[in-house]
Amino acid sequence: DAMVIQNPRYQVTQFGKPVTLSCSQTLNHNVMYWYQQKSSQAPKLLFHYYDKDFNNEADTPDNFQSRRPNTSFCFLDIRSPGLGDAAMYLCATSRVARAIETQYFGPGTRLLVL
Amino acid sequence: DAKTTQPNSMESNEEEPVHLPCNHSTISGTDYIHWYRQLPSQGPEYVIHGLTSNVNNRMASLAIAEDRKSSTLILHRATLRDAAVYYCILNGGSNYKLTFGKGTLLTVNP
Numbered sequence: 484d485a486m487v488i489q490n491p492r493y494q495v496t497q498f499g500k501p502v503t504l505s506c507s508q509t510l511n512h513n514v515m516y517w518y519q520q521k522s523s524q525a526p527k528l529l530f531h532y533y534d535k536d537f538n539n540e541a542d543t544p545d546n547f548q549s550r551r552p553n554t555s556f557c558f559l560d561i562r563s564p565g566l567g568d569a570a571m572y573l574c575a576t577s578r579v580a581r582a583i584e585t586q587y588f589g590p591g592t593r594l595l596v597l
Numbered sequence: 002d003a004k005t006t007q008p009n010s011m012e013s014n015e016e017e018p019v020h021l022p023c024n025h026s027t028i029s030g031t032d033y034i035h036w037y038r039q040l041p042s043q044g045p046e047y048v049i050h051g052l053t054s055n056v057n058n059r060m061a062s063l064a065i066a067e068d069r070k071s072s073t074l075i076l077h078r079a080t081l082r083d084a085a086v087y088y089c090i091l092n093g094g095s096n097y098k099l100t101f102g103k104g105t106l107l108t109v110n111p
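Protein sequences, first through last, are from chains A and B.
Residues 484 to 597 (the working numbering) make up the first sequence, in order.
Residues 2 to 111 (the working numbering) make up the second sequence, in order.
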């Protein structure tokens, strides 16, 4: 089945140690999104790529960056994780960037910062 | 962004219908009404969306008020697997992003 894959499901890192989370998709969608979801909160959009065009949300900390080397893969880089960055990170895709489009989410990667 | 208001939580019994309300009094004419749900420890999943007319799919029905200021997600026969947080989200025009609110936590009793 076509899907959005996130590996690993759980990631442990140390305070201040860079970490990269991965997302891949077999849907061949043009748009890939990264959300952060802290405990008992709603998902919050960090940024997204429309093809190769990167779109950052205004309140996304500079500590968070992203790369999309090709259509299928997108990475979330956290340069210096703090304790407050512990969260579930969700990757999603949509065919194009239109309001009517459905977003397809991966299962998420839960990040623990020690 | 147009805002939505949902009850924090609702409870239902298995195999009974569930009506999840959403108020969106500031909706604009081009806003779509999307419903997503998030099961425990999973990513959100699409449920249904609509613009003006009521919509049905294999998962649920969406009833949209005539003035579009409110909508109701209907699960015709709740199962234990339907226990999740349900999010009602508006977007439209040039805004294609999903802005999640707090949603409604649905508990389904056996």
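By construction, the Cβ of each residue, glycine as well, lies at the ideal position given by its N, Cα and C atoms.
The model shown is predicted, which means the values in this text are computed figures rather than measured ones.
Ranked by Cα distance from residue 105/B, the first of 534/A, 525/A and 582/A is 525/A. Not flagged as an interface residue toward chain A: residue 62/B, since no C-beta distance is shorter than 9 Å. What residue 528/A touches in chain B, judged by beta-carbon distance under 9 Å, is 98, 99, 100 and 101, going in chain order. The three-state secondary structure of residue 83/B, taken from DSSP, is helix. For the pair residue 583/A and residue 501/A, the CB atoms are not nearer than the 9 Å cut-off. When DSSP states are grouped into helix, strand and coil, residue 93/B belongs to the strand group.
Beta-bridge partners assigned by DSSP to residue 575/A: 516/A and 588/A. Look at residue 566/A here: in three-state DSSP terms it is helix.
Interface annotation for the stretch 566-587 of chain A against chain B: 571, 573, 574, 575, 577, 579, 580, 581, 582, 583, 584, 585, 586 and 587, criterion Cβ-Cβ distance under 9 Å. Excluding sequence positions up to five before and after residue 32/B, its CB lies within less than 7 Å of the CB of 3, 91, 92 and 93, all in the same chain and listed in chain order. With fewer than 16 other Cβ atoms inside 10 Å of its own Cβ, residue 20/B counts as exposed.
Secondary structure of residue 31/B (DSSP, three-state): coil. Contact annotation: residue 44/B and residue 588/A have beta-carbon atoms nearer than 9 Å.
For residue 87/B, there are no neighbours in chain A by C-beta distance under 8 Å, as the nearest C-beta there is about 12 Å away. Residue-level contact check: residue 44/B touches chain A, since one or more beta carbons of chain A fall below 9 Å from its beta carbon. For residue 495/A, no CB of chain B lies under 9 Å from its own CB, so it is not counted at the interface with that chain.
Within the same chain, and ignoring the five residues on either side of residue 498/A in sequence, the residues whose Cβ sits closer than 7 Å to its Cβ are 564, 565, 566, 596 and 597. For residue 46/B, the enclosing beta strand (DSSP E) covers residues 46-51. For residue 24/B, the closest Cβ of chain A is not nearer than 9 Å. Contact note: residue 94/B reaches chain A through 582, using a C-beta cutoff of 7 Å and chain order.
Here residue 528/A is bridged, per DSSP, to 518/A. If you draw a 10 Å sphere on the C-beta of residue 541/A, you find fewer than 16 other C-beta atoms in it, and that means exposed. By alpha-carbon distance to residue 108/B, the top candidate from 101/B, 88/B, 89/B and 80/B is 80/B.
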